[in-house]
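Residue numbers (this note's numbering): 63 to 234. Think of the CB as a built atom: it goes at the ideal place given N, C-alpha and C, for glycine as much as any other residue.
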Amino acid sequence: MMNWRQRQQLKGATDMRWSILPPQFYDYLVDSCTKNTVIFANGKSSPFPSFFDVDYVYFPFCVENNEWLLVQVELRNVNLISVYFGALFVNIKYFKKTGFPPKLMSFEVNEDYVQSHADLYGNQGVHACMLMEHLVTGKPLNISNNFKESCIAYRLFMADQMYFWRCLPRPG
C-alpha cells in the first residue's frame, strides 16, 4: 500500500494524507525505543512520510500472536483513536491487557467490520489488511458470502502485489 501511495503521488494525487506503519511500530512504542519510532514519524524512513504531511496513521498489531487489531490515529485531533477489531472478544481482552486509563485518550471502538470467530480463524491478519485497504482507498471490502474464500482471494492479491513491487524491474 505504501508503494502504491508513492506511485499515486508521483501521478499528482493529492488525497494521500495517510500512512500505514509496519506492525513492529507497536513493538517499538511499547519498548519505549524512541529512536526507532521517530524514523517513522519524521519522514526519514522510506516509504513512510512525515507525520506533518498526513492526517491519518494506521498501524496493525498482533496480540498474543494470533489476534490482530488495526489502529487509526487522526493526527489533526490526537484525542481520537479508532481501534478496529477483527472479533468482538478481542475488545475486552485488549483493554484489560494494556490497562490504558480511559482518561488519557478517547477510543472509538469500531465493530462495523467484525466477523465470526470461526471465519476469522487463521484470517485475522488478512482481514486487517483488507480493512486497511478499504479505509485508505475507499474501495469496498469485496467480502462475498463466503468470508474464507474472500480471504483466500485477498491472499492471492497480496502475493501478486508483493511480487509486483519487490521482484519486477522498475524503469530508470
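- Between alanine 190 and tryptophan 130, the C-beta gap is smaller than 8 Å, which places the two residues in contact.
- Looking only at Phe123, Leu203, Asn208, the smallest Cα-Cα distance to glutamine 86 is reached by Phe123.
- Inclusion of isoleucine 82 and phenylalanine 121 in the CB contact set at 8 Å is warranted, their separation being smaller than that value.
- Inter-residue distance for tyrosine 90 and proline 84 is about 10 Å (C-alpha atoms, whole angstroms).
- Selection Ala221, Ile205, Pro202, Val188 evaluated against leucine 132 yields Val188 as nearest (Cα-Cα).
- Taking the Cα of phenylalanine 110 as reference, the smallest distance to any Cα among Asn65, Phe226, Leu230, Gln134 is reached at Asn65.
- Relative to the Cα of threonine 76, the nearest Cα in the group Leu218, Tyr225, Asn208, Asp115 belongs to Asp115.
- Residue pairing by DSSP places cysteine 213 in no beta bridge whatsoever.
- In chain order, Arg79, Trp80, Glu136, Leu137, Arg138 place their CB closer than 8 Å to the CB of aspartate 117, counting only its own chain and leaving out the 5 sequence neighbours on each side.
- Here DSSP, grouped into helix, strand and coil, assigns phenylalanine 113 to helix.
- Per DSSP, reduced to three states, the secondary structure at cysteine 191 is helical.
- CA-CA distance, methionine 224 to asparagine 104, rounds to 25 Å.
- Non-local beta-carbon contacts of cysteine 213 in its own chain, meaning distances under 6 Å to residues more than five positions away in sequence, involve Asn185, Val188 in chain order.
- According to the DSSP assignment, leucine 137 belongs to no beta strand (DSSP E), since it is labelled neither H nor E.
- Excluding the 5 residues flanking it on each side, isoleucine 101 has same chain C-beta neighbours closer than 6 Å at Ser107, in chain order.
- In this structure, the CA atom of alanine 221 is about 10 Å from the CA atom of arginine 228.
- Non-local beta-carbon contacts of isoleucine 205 in its own chain, meaning distances under 7 Å to residues more than five positions away in sequence, involve Ser212 in chain order.
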